[in-house]
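Residue -19 is where the sequence shown starts when you use this note's numbering, and the numbers rise one by one after that.
From the three backbone atoms N, C-alpha and C, an ideal C-beta is built for every residue, glycine too.
To start, the structure itself, in structure tokens.
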Amino acid sequence: MEQKTHFKVDKSKCIGCGKCVNTCSGMVLSLGKEGYPQMRDFERFGWRGCWRCQHCLAVCPTGAISIFDKEPENSLSLPPSEMGGYMEQLVLSRRSCRGYLEKNVEPQMIDRILNAMQAAPTGGNSSSVEYTVMSAIRQMILFRIPSSAATESRLTKPASTIKRQ
């Protein structure tokens, strides 16, 4: 299955710790006779095969694993653990005071956000998440008008007349 996943182990970096094996939700990894991770054959991706989650690459402490042509040296570095509190503060503060600038978003900023979102938790190992990116303020204004009208319409109706999905 290395052909499907392009699973590779750099034996000069691998320390045989087994973290990649232990994190594999599809249970397709094991340590071979030489102590290096290997992937068993599987028919298809999903429950009885590789989940495409790339956790094996993410947890390897030495950067020995590559999969789906993703190389560890091209991955984003993890911030120091003490930064966790800042993320929580940011999320909480953005909930009640969204103040956006009336200007286009720079392409470099969009790239940074999208790169970070590749690793965002999805509540499972599904990687079928889609985003709609609007970099121009004009696009955003055109998008906002129907959305605002629909929300306002719902807010002015009595709760008993609103259809629940």
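A contact between stretches requires three or more CB pairs, one per stretch, nearer than 8 angstroms, and the segment 45 to 57 fails this requirement with the segment 20 to 28. Note: S10 is bridge-paired with Q18 in the DSSP secondary-structure output. Residue pairing by DSSP places K50 opposite I47 in a beta bridge. Shortest Cα-Cα distance from K50 to any of G(-4), S61 and A38 involves A38. V109 counts as exposed, since fewer than 16 other C-beta atoms from the protein chains shown sit within 10 angstroms of its C-beta. DSSP places V(-11) within a strand segment (E or B) once states are collapsed to three.
Approximately 5 angstroms separates the beta-carbon atoms of F(-13) and I47; this is inside 8 angstroms, confirming the contact. Within the model, the alpha-carbon separation for E62 versus E68 is close to 11 angstroms.
For Q98, there is no enclosing alpha helix (DSSP H), as DSSP marks it with neither H nor E. Distance from the CA of E86 to the CA of S(-8), rounded to the nearest whole angstrom, comes to 40 angstroms.
The three-state reading of DSSP puts I121 in helix, counting H, G and I together. Burial state of G15 is exposed, judged by a 10 Å Cβ sphere holding fewer than 16 other Cβ atoms. Put simply, the backbone Cα of I125 is about 17 angstroms away from that of S115. The Cβ atoms of C33 and S5 lie closer than 8 angstroms to each other. Going by C-alpha positions, M89 is about 43 angstroms away from G12.
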